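The numbers in this note's numbering rise by one with no breaks, and the one at position 164 of the sequence shown is 160.
Note that beta-carbon positions come from the ideal geometry of N, C-alpha and C, so glycine has one too.
Predicted model only: the values in this text are computed from it and were never measured.
See below for the structure under consideration.
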Amino acid sequence: MDPADFYTGIVAELYGPLKSFAQDPEPYAAFVERAGVPALELGCGDGDPLLELRRRGLEVDGVDSSADMLERLRSRAGEQGVTADLFHQRMESLDLPRRYRAIFLAGPTFTLLPDDATALAALRGIRAHLTDDGSALVPLFTPEPTPSDRIGHVRSAVGPGGADLRVSVVSERRDEAARTQTTLLRYERHHGPDVSVTERPWVLHWYPREVFEELAATAGLTVTAVTDPDGAPVPADATDLHVHLAPAT
-3 MDPADFYTGI
7 VAELYGPLKS
17 FAQDPEPYAA
27 FVERAGVPAL
37 ELGCGDGDPL
47 LELRRRGLEV
57 DGVDSSADML
67 ERLRSRAGEQ
77 GVTADLFHQR
87 MESLDLPRRY
97 RAIFLAGPTF
107 TLLPDDATAL
117 AALRGIRAHL
127 TDDGSALVPL
137 FTPEPTPSDR
147 IGHVRSAVGP
157 GGADLRVSVV
167 SERRDEAART
177 QTTLLRYERH
187 HGPDVSVTER
197 PWVLHWYPRE
207 VFEELAATAG
217 LTVTAVTDPD
227 GAPVPADATD
237 LHVHLAPAT
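Here's what the structure looks like:
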C-alpha cells in the first residue's frame, strides 16, 4: 500500500474510535441563524456539527480536504436520515458553485493551515464565496505543548474487522517565531500477523489577533467582533477566540 494511502486510511479508521469529543453545535447554530442561509462549514470532517445543524432544518453545505472524512460523513448522514451537499476541496483553493450568507469553521480547523500564505488564500476563498451581506466565523486558538509525560503514550481502539488501532506522540517541536508546533505522530494498525506503521508530522500554526486581522484585511474582510465560544467579549491576550468577519466596504 502507498504510504499516503495508508496514512489517510488509518487516520479515518482511528478518527471514529478515538474521537474524544464532538463540537458543541450551539455556537454555530446561533451564528447561522443570525447570519442567514445558505451556510457553509469549512473543514466539516465527519459531520460535527454539520449534521446537527441539518437536523435543525438549517441549509448548510460542507467542504473538507479528506475524502475519507467525507465518506464517513455520508455514512453517518445516511444512518440519521440527513442530507447535505458536500464538496471535496481544500479551503485554501475553494471553487464552489454558489455564495453563502454564512461561512464558518468549527473548532481549531484553521490552525491546520501550515503558514500565513495558506491562511491568506483560505481567507480570500471565504471572501469570494460570501454574499455582500454575509458573515464568517473563524475560531482561533493557541495550542499548548504536549506534556512530557504524554510523549510516547499510546492511545488504542478497536477498528473495523477487529483491527487494533494505535496512535502515539513520538516527539514535538515548537517554534514561537514561526508560530508553529510540529508533533510527530505514529499510527499503527495491528490485525493478526499484519502490522502497518507510519509516522507523520501534525503541524499546528497559530495567529495573534493583530496578525489575523491584517491577513483578513488583505483578503478583503473586516473583523466585526472577537468573542469567546459563548459569544462573550474576551481580553486582548485571550488564546481561544471566535473571530467574526464581514466583507470590507
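* Buried or exposed: where does residue 1 fall if 16 or more other Cβ atoms within 10 Å of its Cβ makes it buried? -> Numbered from its first residue, the sequence shown carries residue 1 at position 5. Interpretation of residue 1 is limited by its pLDDT of 39, a score under 50 that renders its predicted location unreliable; the figure taken from the coordinates is listed afterwards. Exposed, since its Cβ has fewer than 16 Cβ neighbours within 10 Å.
* To do: Express the C-alpha separation of residue 88 and residue 109 in angstroms, rounding to a whole number.
  => Residue numbering aside, residue 109 sits at position 113 when the sequence shown is read from its first letter. Residue numbering aside, residue 88 sits at position 92 when the sequence shown is read from its first letter. Roughly 8 Å separates the two Cα atoms.
* State the Cα-Cα distance for the pair residue 97 and residue 30, rounded to the nearest angstrom. => Indexing the sequence shown from 1 puts residue 97 at position 101. Indexing the sequence shown from 1 puts residue 30 at position 34. Going from the Cα of residue 97 to the Cα of residue 30 covers about 10 Å.
* Burial state of residue 17 (16 or more Cβ within 10 Å) -> The count along the sequence shown starts at 1 and reaches residue 17 at position 21. Because the pLDDT at residue 17 is just 49, under 50, the model does not fix this residue reliably, and the value given afterwards should be weighed accordingly. Residue 17 is exposed by the Cβ-count criterion.
* **Best match in 142, 123 and 141 for proximity to residue 133 [C-alpha to C-alpha]** => On the sequence shown, position 137 is the one that residue 133 refers to. Residue 123 is the option with its Cα nearest to residue 133.
* Asked: Any idea if residue 240 is buried or exposed, counting beta-carbon neighbours within 10 angstroms, 16 or more meaning buried?
  -> Indexing the sequence shown from 1 puts residue 240 at position 244. The residue is buried, with at least 16 neighbouring Cβ atoms inside 10 Å.
* To do: Measure the beta-carbon distance from residue 255 to residue 39 and round it to whole angstroms, keeping in mind my assumption that it falls under 8 Å.
  => The question about residue 255 has no answer here: the residues shown for the chain are numbered -3 through 245.
* Helix, strand or coil for residue 149, going by three-state DSSP, please let me know. => If you number the sequence shown from 1, residue 149 lands on position 153. It is coil, neither helix nor strand.
* To do: Helix, strand or coil for residue 19, going by three-state DSSP, please let me know.
  => Within the sequence shown, the letter at position 23 stands for residue 19. Residue 19 falls in the coil class under three-state DSSP.
* Asked: Looking at the structure shown, is residue 229 part of a helix, part of a strand, or coil, going by DSSP?
  -> Translated into positions along the sequence shown, residue 229 becomes position 233. It is a strand residue.
* To do: Consult DSSP for residue 245 and reduce its assignment to one of helix, strand or coil.
  => Here the question's residue 245 lines up with position 249 in the sequence shown. Three-state DSSP puts residue 245 in coil, outside helix and strand.
* Pairwise C-alpha distance: residue 221 and residue 93 -> Within the sequence shown, residue 93 is the residue found at index 97, counting from 1. Within the sequence shown, residue 221 is the residue found at index 225, counting from 1. For residue 93 and residue 221, the distance between alpha carbons rounds to 28 Å.
* In three-state terms, what does DSSP make of residue 142? -> Taking the sequence shown and counting its residues from 1, one reaches residue 142 at position 146. It is coil, neither helix nor strand.
* How about residue 69 and residue 60: do their beta carbons lie closer than 9 Å? -> Locating residue 69 in the sequence shown gives position 73, counting from the first residue. Locating residue 60 in the sequence shown gives position 64, counting from the first residue. Yes.
* From this set, 139, 165, 130 and 129, which residue's C-alpha is nearest residue 145's C-alpha? -> Translated into the one-based positions of the sequence shown, residue 145 becomes position 149. The candidate whose alpha carbon is nearest that of residue 145 is 165.
* Asked: What is the DSSP secondary structure of residue 209, counted as helix, strand or coil?
  -> Here residue 209 refers to the residue found at position 213 of the sequence shown. It is helical.
* Tell me, which residues are paired with residue 183 by DSSP? -> Sequence index remark: in the sequence shown, residue 183 carries index 187 (1-based). In DSSP, residue 183 forms a bridge with 163 and 194.
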